[in-house]
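**Student:** Take a look at this one; I'll ask things after.
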Amino acid sequence: MISASSCFVFLPISFFMECLLSLLLFLNLCSTVDKFEVIVPLVPVVADEGSDIVLPCKLSPQTSVIGMHVRWFRQKFSEYVYLYKDKMETVGSGYEGRASLFSTELEKGNVSLLLKEVKISDEGPYKCHVSRLESFAEPQLQLTVKRQGSVPLIEVEKLEKDSLKLRCSSQGWYPEPQMVWMDKKG
């Protein structure tokens with residue numbers, strides 16, 4: 001006849017406390033590994049038409065993005081300007097040869113977008129989306145594009161007794177400037 005016997009092991013309470021403390025530390029580390037903030041400027045980035053401009057974006061704390069997903073887009077997430085995923089880089093339609101990241105900066109958490117030969121149509125909001133596992137952030141920044149117009153031409157149209165009529169013209173400005181006439185008194 002076989003009898004059942006029980007085996008009990010009594011361990012000191014300090015062992016359980018050590019295990020519990022180790023587990024709590026591990027869980028805390030796991031929960032903070034994916035926490036990061038993505039920082040972009042709060043003020044608009046201003047570029048002259050035809051120039052190259054950097055749209056700043058970086059991770060804080062400084063964290064490598066090598067294993068992350070980085071997507072620069074404008075209004076639709078699916079219509080990206082630039083995509084970095086699984087160490088592969090893809091440029092969106094209309095940005096071929098004009099958009100890139102600084103590959104040597106990715107390990108430092110710098111995901112700033114270099115946009116070459118800026119066009120008026122590039123003006124507007126941009127989102128810098130960075131994700132890893134379940135964590136992500138996608139702050140927005142504003143790109144303002146300007147174009148210098150022609151030199152203003154001032155013409156005298158009408159000369160009368162005590163007054164004259166002046167006309168000022170210039171073309172090609174973006175955005176259109178406001179013109180104000182002033183006399184010597186301001």
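Letter 143 of the sequence shown, counting from 1, is numbered 143 in the UniProt record's numbering, and no numbers are missing.
Even glycine gets a Cβ: it sits at the ideal position worked out from N, Cα and C.
It should be emphasised that the depicted structure is a prediction, and the values quoted were computed from it without experimental measurement.
Apart from the five residues just before and just after ARG74, which ones in its own chain have a Cβ nearer than 7 Å to its Cβ?
**Tutor:** Closer than 7 Å at Cβ, skipping near neighbours: VAL81, GLY124, PRO125, TYR126.
**Student:** With a Cβ-Cβ cutoff of 8 Å, do VAL130 and VAL65 count as a contact?
**Tutor:** yes
**Student:** What number of angstroms, rounded off, separates the C-alpha of GLU155 from the C-alpha of LYS165?
**Tutor:** Separation of GLU155 and LYS165 (C-alpha to C-alpha, rounded to the nearest whole angstrom) is 8 Å.
**Student:** Three or more C-beta pairs under 8 Å: does that hold for the segment 105 to 113 against the segment 54 to 73?
**Tutor:** yes
**Student:** According to DSSP, PRO152 sits in a beta bridge with which residue or residues?
**Tutor:** PRO152 is not bridged to any residue.
**Student:** Nearest CA to the CA of LYS58: which residue from VAL40, HIS69, THR90, PRO152?
**Tutor:** VAL40
**Student:** Do ASP48 and GLU117 have their CB atoms nearer than 8 Å?
**Tutor:** no
**Student:** Which ranges does the beta strand (DSSP E) cover as unbroken runs of at least 3 residues, wholly within the UniProt domain "Ig-like" (34 to 144), from first to last along the chain?
**Tutor:** 37 to 39, 45 to 48, 53 to 55, 58 to 60, 69 to 73, 80 to 85, 88 to 91, 99 to 101, 113 to 115, 124 to 132, 135 to 137
**Student:** How many angstroms separate the CA atom of SER121 from the CA atom of TYR174?
**Tutor:** 11 Å
**Student:** Helix or strand or just coil, what does DSSP make of SER169?
**Tutor:** strand
**Student:** Using C-beta distances below 8 Å, list every residue in its chain close to LYS161, excluding the 5 sequence neighbours before and after it, in chain order.
**Tutor:** none
**Student:** Would you mind working out which of LYS184, VAL151, ALA99, VAL91 sits nearest CYS168, comparing C-alpha positions?
**Tutor:** VAL151
**Student:** Given this structure, state the Cα-to-Cα distance separating SER103 from THR90, to the nearest angstrom.
**Tutor:** 13 Å
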